[in-house]
Amino acid sequence: MKPKTKHLVHSTPEAGQLAARLAGLRGASGMSLDRLAELSGLTKSYLSKLERGLCEPSISSASRLAAAFGMGIGELLGDTVSDSGLRIVRAGSSQPLSSATDAAVVEFLTGSPEGSRTGLSAFVTHPPLLSGVDGDEPPTATHSGDELLYVLSGRVRLWMADRVDDLSAGDAAWYRAEIPHRLCSLGRKRARVLIVTCGPA
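Structure follows, in structure tokens:
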């Protein structure tokens, strides 16, 4: 019998960069961890882990943190803003948000600059595979604003409150992000999905 392999989660350079960014923003604003927890709706222990680079935020958590600091997600992640109003994100330069093997792999592409009319952000995500085990669905997300989903490749299952829909490559869905929702990949390979969120800047 082969010994079980333990999978250790290590802090990535990206997580370290975000940790420094969060600590810097909080320090510059004179905001306590308790106050940030109150404004973002996230727990103090979770925020502490983020600041120490021990975990990476979900789309929902990053959106809440950005709102707590009064900025867009792009600014939170240190994304640069050009004066011309144009942003170009080159292939391979996206900012990873989550890379856990049992969760959605998410890459932040770009978002609205500070002071824009809407807080728009774009992501590419690879939702976790549907395990087929009852009660083992991905966690539910809910946040303010609208969300648009476009399946780039593969197939996914979208849960929206009491509704369930299967989507294939080329299918799109728009929904109010306040409605509890979750997403997983169908088949043997993770799907690739573009998600665009939009809310008050």
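Residue numbering for the sequence shown follows my numbering, beginning at 19 and increasing consecutively.
Every residue gets a Cβ at the ideal spot worked out from N, C-alpha and C, and that includes glycine.
Just so you know, these numbers come straight off a predicted model, no measurement behind them.
Can you tell me which residues form a DSSP beta bridge with residue i?
| i | result |
| --- | --- |
| A38 | None, per the DSSP bridge assignment. |
| I91 | DSSP output for I91 lists no bridge partner at all. |
Taking only three categories from DSSP, how would you classify residue i?
| i | result |
| --- | --- |
| A159 | strand |
| L72 | coil |
| G103 | Reliability fails at G103, whose pLDDT of 42 lies under 50, so the model's placement of it is uncertain and no value is given. |
| R44 | helix |
| R53 | helix |
| R82 | helix |
| L204 | strand |
| L148 | coil |
| T98 | Legend: pLDDT at T98 = 43, less than 50; position of this residue unreliable, value from coordinates given subsequently. Coil at T98, not helix or strand. |
| I77 | helix |
Beta-carbon separation of residue i and residue j under 9 angstroms?
| i | j | result |
| --- | --- | --- |
| G172 | C216 | no |
| S58 | L83 | yes |
| S203 | V174 | yes |
| A122 | L170 | no |
| L12 | F87 | Outside the displayed span of the chain (19 to 219) sits residue 12, for which this structure offers no information. |
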